[in-house]
Amino acid sequence: MTTPITSASPSVLVVIPNLNAPGETPDPVASVLKMDYDNCNIAIIENGSTDDSVAVLTPILSDRVRLLQSPINLGYTGGCNLGFDLALKERFDYIWLLNSDAITPPRTLTSLVATAESSPTIGMVSPLIASIDNEARYVHVAGLFKPSIPACESTRDPEVARQWMQSSPERVMLLGTALLVKVALVRAIGKLDSDLFAYWEDCDYSVRTFKAGFRNVVDFNSVVHHTEKSAKDAVHEIKPHYWYYMARNESRFWKKHITGTARLKPLWWAYNTQVKSLAMLGDNKVSRDAILAGLWHGWTGKTGPYKPGLRAPALITSLILAHTRKVTPNL
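Remember, my numbering sits 286 above the position in the sequence shown when you count from 1.
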């Protein structure tokens, strides 16, 4: 049983980033407004959209729903950080990062806050992430940081996640889909890493959280329904920017959290992950170029947004593709 919410309950700023998604964003807003947790406000982060997002979203604004606009796309990290800034300025107790393609049942936030309030050492809480098309199928439950391997393992199985929370509570990682963050944690470790721009930022923030002595916790009594995406199942439907950021930021993540020569092992592991992606993409040149550019920029420390036409140096491209053909002859 979760604690009933009253007017004295902790204040929550729900941050919903929007980038060219005016057809999606009103749905999570509506689901939040139907929740039984009334001590919350919503900030839609209009992140430099080039469509009619502002015109579509303006009619849903109210005393509980505001629109924060950026003239340019700051990325998922930069957009969410605008919400962090607002929460810090207005002294909210919590920030709830909610994706624009996620829908929340009525009691989810009530349960999340109750879990977060149960211990001062809890920094972040995530619900179970279920498929929006099949509520019985979990898309993601938790991750586990394994620096000795090195690896970031993930699971869709609640029982596996329970075991991780019992055996390795200091290494649990959470997905950013519906992430409840204590503002006290933000004050302690700072905001999301804007250099990542998009993807791997939740992994980075999870590690920074437990390195600072806080815990990341899964609330098994709450759920959010999210659009199910799988690069393996729909490899040619995934947009090039995804491949670029995943390749670049995986390297940036390991370089940030593993020091010295020990980082060579995870960088090699990350490289081989991208080789497998190159093999899956086959003759999809645009997405392959995005991966190659991402690898190169991750190694060389380049940041910023993905732009069509980004390329790795010709020699690097030739060497990586030659290696890919050698280890995956079907390319």
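Virtual Cβ for every residue (Gly too), placed ideally from N, Cα, C.
For residue i versus residue j, is the C-beta distance shorter than 9 Å?
i, j, result
"Y491", "M532", "no"
"V504", "L460", "yes"
"L343", "T311", "yes"
"I365", "P308", "Note that residue 365 is Gly in the sequence shown, not Ile. The answer is no: Cβ separation not under 9 Å."
"W450", "T463", "no"
"A576", "L605", "no"
"D379", "V493", "no"
"P594", "F483", "no"
"R534", "H583", "yes"
"T495", "I524", "no"
"P455", "R501", "yes"
"T614", "A565", "yes"
"S397", "N507", "yes"
"L567", "V521", "yes"
"N420", "E514", "yes"
"D313", "I415", "no"
"V399", "P296", "yes"
"L553", "K571", "no"
"S435", "H511", "This sequence places Ile at residue 435; Ser is not what is there. No. Outside cutoff."
Which of helix, strand or coil does DSSP assign to residue i?
i, result
"A422", "coil"
"I602", "helix"
"K432", "strand"
"A403", "The amino acid at residue 403 is misidentified as Ala; the sequence shows Glu. E403 falls in the helix class under three-state DSSP."
"I524", "coil"
"F539", "helix"
"Y530", "helix"
"N558", "helix"
"A517", "Per-residue confidence for A517 stands at a pLDDT of 48, beneath the threshold of 50, marking its modelled position as unreliable; the derived number appears in the next sentence. It is coil, neither helix nor strand."
"I346", "helix"
"I475", "helix"
"Y592", "coil"
"T614", "coil"
"L398", "helix"
"M287", "No answer about M287 holds up, because its pLDDT of 37 lies below 50 and its placement is not dependable."
"R574", "helix"
"F483", "coil"
"S492", "helix"
"D569", "coil"
"G587", "coil"
"D371", "helix"
"S453", "helix"
"T547", "helix"
"R597", "coil"
"P552", "helix"
Which residues does DSSP list as the beta-bridge partners of residue i?
i, result
"S356", "N333"
"A416", "Y424, H511"
"C438", "F431"
"P303", "I331"
"D505", "P413"
"M459", "G429"
"I389", "H511"
"Y380", "V298, K468"
"I408", "R501"
"V351", "I328"
Contact check, residue i vs residue j under 8 Å by CB: the rounded distance?
i, j, result
"V467", "L360", "Not really, about 18 Å apart at Cβ, beyond 8 Å."
"S356", "L368", "7 Å"
"A250", "Y530", "Outside the shown range of the chain, which is 287 to 617, sits residue 250, and nothing can be said about it."
"D337", "N306", "5 Å"
"L374", "V458", "Their Cβ separation, rounded to whole angstroms, is 25 Å, which puts L374 and V458 out of contact at 8 Å."
"V318", "I346", "That belief does not hold up - the Cβ atoms of V318 and I346 are roughly 11 Å apart, past 8 Å."
"K320", "P413", "That pair is no contact at about 16 Å."
"I330", "V351", "7 Å"
"V561", "T603", "Actually they do not touch by this definition, with Cβ atoms about 13 Å apart."
"T589", "L478", "That belief does not hold up - the Cβ atoms of T589 and L478 are roughly 13 Å apart, past 8 Å."
At a cut-off of 8 Å, is residue i close to the ligand FAD when judged by its beta-carbon and the heavy atoms of the ligand?
i, result
"V399", "Looking for the ligand FAD in the displayed structure turns up nothing, as the structure carries no ligands at all."
* In chain order, each alpha helix (DSSP H) run of at least 4 residues that lies wholly inside the region 306-341 -> 312-319
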